[in-house]
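Numbering (full-length UniProt numbering), first residue to last: 1 to 282.
This is how it looks when you write it as structure tokens:
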């Protein structure tokens, strides 16, 4: 983390939510991480945006330095957390976005409170068709097994020395930028035990298009997607259904990107995000 970034926590929706903020009198962007990451997993994106935007990176409930959810990690509760943070900090209709679980929270909040945001970006949100495995690629067809594997792996990372975790991260994710590795390892070490015990309640694994919240969002949406064959969630069929359900959806398909779109195709990702933000804040 850059030492010039502000950090703090704020009491919102009956829990303390921790955040990092680049600051400045600039257009505001609120970033929401995926399950088992934390706010600093947006470090590389924040560095790329901070000259032009006031970037806020939240630790979701049960992650990082935020309070745990006491067994409640539902999409609605995480969306209410986000709305409460925006109100408590007095933000001016920021662009909100996120990856995976964080994208789901941003989408849900924008559907509940469309007046709180002027734009939404979604990095491979957990939207998939009923009967379809949530992930594509090698994980397809394994049902809940990927989540069981992830839970075991996260517990393993938490137990080992930091230097060993970083070394393993570099080997497993050899194509990740160095800015991604340490935040990724630290985020696993700071997960609450309550969150790990509630892992299977975070996402709805039944699938389906969230038509109601999408139809209520009156601001532009940027959907950033990778390839199912590379392990991403969103398929082309789902992307077209999202476009049909919402008023204004712009698609960015980055060929070869996995579920971690920004980590595997960063240049294309940040170019698309910058373009979207410039259009919103023109």
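Backbone N, C-alpha and C fix where the C-beta goes; we use that ideal spot for every residue, glycine too.
A quick note: this is a predicted structure, and the numbers were derived from the prediction, not measured.
Ranked by Cα distance from residue 5, the options 33, 38, 17, 50 are led by 50. The alpha carbon of residue 130 has as its nearest neighbour, out of 137, 188, 237, 186, the alpha carbon of 237.
Nearest neighbour of residue 55 by Cα position, chosen from 41, 22, 75, turns out to be 22.
With contact defined as three or more Cβ pairs closer than 8 Å, the stretch 31-51 and the stretch 59-68 are in contact. For residue 21, the three-state secondary structure derived from DSSP is strand. In this structure, residue 38 lies away from residue 9, with their beta-carbon atoms at least 7 Å apart. Shown here, residue 58 sits in a strand according to DSSP, grouped into three states.
In the three-state reduction of the DSSP assignment, residue 29 falls in the strand class. Approximately 18 Å separates the beta-carbon atoms of residue 205 and residue 154; this is outside 8 Å, ruling out the contact. A straight-line Cα-Cα distance of about 5 Å links residue 84 and residue 12. Per DSSP, residue 7 is one residue of the beta strand (DSSP E) stretching across 6-12.
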